[in-house]
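In what follows, a single structure is set out as structure tokens and then discussed.
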Amino acid sequence: MEEMNEVFQIPARRCKRCGGLLTSDQAIRDGYGHTCRMKERREAAEREEERNQYSLFNGMEDGL
224 MEEMNEVFQI
234 PARRCKRCGG
244 LLTSDQAIRD
254 GYGHTCRMKE
264 RREAAEREEE
274 RNQYSLFNGM
284 EDGL
């Protein structure tokens, strides 16, 4: 009978955002777990949206 104390290794890394342990192939490639990847995408989209917005009031503080 084989011993149950067999040693094995699995590829893993830490999430770039939360530090959690990643074991899936996709998460290891991305560097983020599913939840953190969704948060990163949402925040990037929000930053892009803010960058694309223009206010008529930009720069008017000095002219008042």
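Counted the way this note's numbering counts, the sequence shown spans residues 224 to 287.
Using N, Cα and C, we set each Cβ at its ideal position, and we do this for glycine too.
Predicted, not measured: the structure shown is a model, and the values here were computed from it.
Review point. Among 256, 229, 242, which residue has its Cα nearest to the Cα of residue 248?
Key: In the sequence shown, counting from the first residue as 1, residue 248 sits at position 25. When each option's Cα is compared against that of residue 248, the closest is 256.
Exercise for review: For residue 240, name the three-state secondary structure that DSSP assigns.
Suggested key: Within the sequence shown, numbered from 1, the residue matching residue 240 stands at position 17. The answer is coil: DSSP assigns residue 240 none of H, G, I, E or B.
Review point. Is the Cβ-Cβ distance between residue 259 and residue 240 less than 9 Å?
Key: Taking the sequence shown and counting its residues from 1, one reaches residue 259 at position 36. Taking the sequence shown and counting its residues from 1, one reaches residue 240 at position 17. With respect to the 9 Å criterion, residue 259 and residue 240 are classified as neighbours on the basis of their beta carbons.
Review point. Quick one: what's residue 245 bridged to in DSSP?
Key: Taking the first residue of the sequence shown as position 1, residue 245 is located at position 22. Bridge partners of residue 245: 236.
Check your understanding: For the alpha helix (DSSP H) that residue 273 lies in, which residues bound it at each end?
Key -> Reading the sequence shown from its first residue, position 50 is the one you call residue 273. Unbroken alpha helix (DSSP H) run through residue 273: 257-275.
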